[in-house]
Amino acid sequence: MADTTFAIHSGPAAQARLRKRYARERRFKLMCLAALGVAAIFLVVLIGSIVSRGWSGFLVTQMELTVTYSPEMVDASNPADGNFRMIVVEALQKEFPEATDHSSMRALLGLVSNGGFLAVRNAVVDDPSLVGQTVTMWVSAASDIDMLNKGYVDRTAPEELRRVDDQTMAWVDKLEADGRIRTGFNWDFFTTGDSREPELAGIGGAILGSFWMLLVTFLVSFPTGVAAAVYLEEFAPKRRWVDIIEVNINNLAAVPSIVFGLLGLAVFLNLMHLPRSAPLVGGLTLALMTLPTIIITTRAALKGVPPSIREAALGIGASPVQVVSHHVLPLALPRLLTGAIIGMAQALGETAPLLMIGMVAFIVDLPSGPLDAATALPVQIFLWADSPERGFVEKTSAAIMVLLGFLVVMNGIAVFLRQRFEVRW
Amino acid sequence: MKAGSGSFFWNVDIAVSLTFFTILLLGLACIGFFMGRRRATVLADTQSAALHSRPVYHGWYVALACGLPAVVIWITALVVGDQLIESTMIASLPQDIRDASGPVLNRFLADAETLAGGGQPTIEITPELEAAARRFGNLRTLEHWIGFAGALGLGLIGFGLAYRRLSVALRARQPVERALMVVLLLAAALSILTTVGIVFSVLFESIRFFSQVPIFEFLFGLQWSPQIALRSDQVGSSGAFGAVPLFVGTLMVTFIAMLVAAPIGLMSAVYLAEYAHPRFRAGAKPMLEILAGVPTVVYGFFAALVVAPALRDAGASIGLSVASESAVAAGSVMGIMIIPFVSSLADDALAAVPNSLRDASLGLGATQQETITRVVLPAALPGIVAGLLLAVSRAIGETMIVVMAAGLAANLTANPLEAVTTVTVQIVTLLVGDQEFDSAKTLAAFALGLVLFIITLGLNVVALRVVQKYREKVD
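As given, the protein sequences belong to chains A and B, one line each in that order.
Numbered by my numbering, the letters in the first sequence go through residues 1 to 425 in order.
Numbered by my numbering, the letters in the second sequence go through residues 1001 to 1475 in order.
Encoded structure:
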């Protein structure tokens, strides 16, 4: 009798069943691990594809020109009105004397970026004594030459399918052989505003726009969010409509960001007539959007302060307001700031609501305050991603790298604050 | 745009006026604070009696007494003043403009305001407009001066009265703390105000939209082409507002996203919660957090530039024609974006399952996989379902990925390889660029916004309630 029951658990059939069960166990565990692996692969591919496309966006191709400011071309008394295109053509003809007819002169002009002409002009405007002299200077090359130099132009493709023709390629190769082409770090990328020409476009304006916007967002949402959280956590009587506020905050946190954009459009622009495209409006809209996040994290921070602190303070005669302002808030401050920084990082990456309130515009000038028309970093990325020119692909990726860099730094600060200052009870 | 017409009226710049006022008032309140605090200390010293409230409360008492009424009177003056200015302006306009339709009149007034501020009006500058602008400028200046003088006067009176009342016995703490409570309450109420603002702003414009386009046609129409002819003589469609293709497109993209995110997110959560060594967990969690922290515009770029071409080429190599703005590309990248969201919510749900259940199952001889699939997952199911609902709501409301990687043209299809458009894409395309605020085209965006808001709100309310319930159970 006892033998048969034992056999169910030990016979060969049982052994096979057990093996099957263990195999299933291993398969399941492996599949779960694979899911994590897939997520990791996605992350690597995402970051990898952006970095591989974007690193060259920080570089700029420059060519060396030997420029002669002949008095026929530039008037020393009025240097700003010189014929600088001709000066550049003459400088290039020194290298390529064969290019004399009209079409080759046009092709020569195509080597140099508009920013290059501007640099030639600015040099003599800054120093009119250059008229009549010959100087050597590095100027930025046109976008197509930049792409060719960075290896994005397929040299083996048939000429009519290529952005750069054979003649220009031969010129560039000669300049390269003469050491007159160099690839430098594009500092201007961080200081200039948008441009229609990829080699001149920078994210300085977008960074400033994001800065002003985040400033407004922080100034509005941090004090308000903390005040609301303090009220709900410390002072609110447990009454019904406080519950309603709570439910409402949780729901607001999950409302799609684009709906906040509609709110900003209807209230700030159409009702209050605030200026369109201004970081002020963007900041206010994002403040309403980040408010729930800040309230929720602040409440968690306040909950983290043990009741014994409050009781001790009350016991020696502090009023409830004094308990909060003298003891609870200072103790919760590190976590509070952590929450605020994470909220700001969220706001920095947000794009959709800004499209609604007109922060999506071609703006060359750097904004000097929250009332100037501006765009923000993610919106700039969106705008460039839409541009057909090949040169903007690397600029977009480079801008994304800058945006991700800011986010990493902000989250890094948050983690640092949390680990360095948080008190564990 | 300060060039051209120039600021040929002496005028108050609102921003400057506001800054000046704020600084002045803050200064006054600061002086009040320090004088009040000092006075309280002196009183306590000279009378050698204990103060009822600490000196700092006396300071706040004076500061509030001079600051609060001033702010209130300033805001009232501006609000009432703007109404008065508008009615005075309308009354003084020439008959023909006053009799014009609402939009024309409003446009005229807005342009007068722009011109008065030194900007470039949208209509031609006529003598009437200049006169109106000059009058507007003068009235605005007067308004600001009155508000300013009133605020300053009241502030000084408040300051004097409060300062005279200071004494050792003054219960300064109570009113100051009561004022603080009101401020805190207002801050908490702002979130309610935001919700009300959202509801009203989308609701009002939607009602206006539905007065032009029947709601039935909007919800059940199969044709979406919102391009209304700009001029009456222009050839082209008259605009059709049947949103079904958008709903189908949104559902398809969301479905594809969940197809990617749900299994990967759930299974990684299971591994992290049930199998992983704490040290492995500490390494893998930040990886998911990074994935969650990447801005959506980056995912959009990734979808449009990497995933969509790759899918198109892959499709071409096996003889399938995949549109370069296919629903698959947008949906799968959206799925990647949602993985960490699903995973962290599922992680919470799994962590909420009491260990006694696991121990009991393992003790009966079940393998870990059997324990997970037959005991832990069923126990965590409500939380997991709620998490998936939140993820769906997130996917429906996601904008940038679809704007950059999905199509613009409404296309009623069930084929995920074709280009579809979504509700959020249409909201963006309808509202970006020049907009006429009264056209059905712009208002349609708000109607779509209303639908989006109602659907996501419904999902959130249900899901949050479940999540909340289970969180309480663990506590």
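Yeah, the Cβ is synthetic: ideal placement off N, Cα and C, and Gly gets one too.
Note that the structure is a prediction, hence the values are computed from the model and not measured.
- Within the DSSP secondary-structure output, Ala1240/B pairs in a beta bridge with Ser1225/B.
- Identification of chain A residues near Val1062/B by a Cβ-Cβ cut-off of 8 Å yields none; the smallest Cβ-Cβ distance measures about 18 Å.
- With respect to Pro334/A, Arg420/A sits close: the two C-beta atoms are nearer than 9 Å.
- Under the 10 Å beta carbon count, Asn1355/B is surrounded by fewer than 16 other beta carbons and is classified as exposed.
- Think of a sphere of 9 Å around the beta carbon of Asn1460/B: the chain A residues whose beta carbon falls inside it are Asn250, Asn251, Ala253, Ala254, Val255, in chain order.
- Glu234/A and Leu331/A have their C-alpha atoms roughly 14 Å apart.
- Distance from the CA of Arg26/A to the CA of Leu43/A, rounded to the nearest whole angstrom, comes to 26 Å.
- Residues of the region 270-292 of chain A with a Cβ closer than 7 Å to any Cβ of chain B, in chain order: Asn270, Leu288, Leu291, Pro292.
- Judged by their CB atoms, Val1062/B and Leu1156/B are not nearer to each other than the 9 Å cut-off.
- Distances from the alpha-carbon of Leu1452/B to those of Lys1469/B, Ile1396/B, Ala1409/B put Ile1396/B closest.
- For Thr1122/B, the closest Cβ of chain A is not nearer than 9 Å.
- With contacts defined by Cβ atoms closer than 9 Å, Glu1128/B and Phe1446/B do not form a contacting pair.
- Taking 4 residues as the shortest admissible run, the region 1370-1422 of chain B contains the following complete alpha helix (DSSP H) segments, listed from N- to C-terminal end: 1377-1397, 1400-1405.
- Between Gly1300/B and Tyr1163/B, the gap from beta carbon to beta carbon reaches 9 Å or more.
- As far as DSSP is concerned, Val1307/B takes part in no beta bridge.
- Close to Tyr22/A, with beta-carbon spacing below 8 Å, are these residues of chain B in chain order: Thr1367.
- Only those residues of the region 220-252 of chain A whose C-beta falls short of 7 Å from the nearest C-beta of chain B are listed: Thr224, Ala227, Ala228, Val230, Tyr231, Leu232, Phe235, Ile245, Asn248, Ile249, Asn250, Asn251, Leu252.
- The beta-carbon of Ser1201/B is placed less than 9 Å from the nearest beta-carbon of chain A.
- Distances from the CA of Leu1259/B to each of Val1244/B, Ser1332/B, Leu1222/B, Ala1284/B were compared; the closest alpha carbon is that of Ser1332/B.
- Residue environment: Trp1145/B is assigned as exposed (fewer than 16 neighbouring CB atoms within 10 Å of its CB, all protein chains considered).
- With contacts defined as CB atoms closer than 9 Å, Ser143/A and Glu199/A qualify as a contacting pair.
- Where Arg19/A is concerned, there is no enclosing beta strand (DSSP E), although the alpha helix (DSSP H) around it starts and stops at 12-54.
- Residue burial is scored here from C-beta neighbours: Pro256/A has at least 16 other C-beta atoms within 10 angstroms and is therefore classed as buried.
- Counting only runs of 4 or more residues that sit fully inside the region 141-219 of chain A, the alpha helix (DSSP H) segments are 143-149, 166-177, 188-191, in chain order.
- Contact annotation for Ala345/A against chain B: Gly1293 [CB-CB distance below 8 Å, chain order].
- By the Cβ neighbour-count rule, Val1328/B is buried, with 16 or more other Cβ atoms within 10 Å of its own.
- Within chain B, the residues Ser1201, Glu1205 have their CB atoms less than 7 Å from the CB of Ala266/A, given in chain order.
- DSSP places Met63/A in the uninterrupted beta strand (DSSP E) bounded by 59-68.
- Excluding its 5 nearest sequence neighbours in each direction, Trp384/A has C-beta neighbours in its own chain below 6 Å: Phe392, Lys395, Thr396, listed in chain order.
- Boundaries of the alpha helix (DSSP H) harbouring Ile1192/B: 1173-1212, taken from the DSSP string.
- Bounds of any alpha helix (DSSP H) do not take in His273/A, whose DSSP letter is neither H nor E.
- From the beta-carbon of Ala1284/B, the residues of chain A found nearer than 7 Å are Leu36.
- Taking 8 Å as the cut-off between beta carbons, the residues of the region 1303-1323 of chain B near chain A are Ala1304, Leu1305, Val1306, in sequence order.
- In this structure, the beta-carbon distance from Leu1266/B to Val1342/B falls below 9 Å.
- Contact check for Ile342/A against Ala414/A passes: the beta carbons are separated by less than 9 Å.
- A distance below 6 Å between beta-carbons, with the five flanking residues on each side excluded, links Ala76/A to the following residues of its chain, in chain order: Pro128, Val131.
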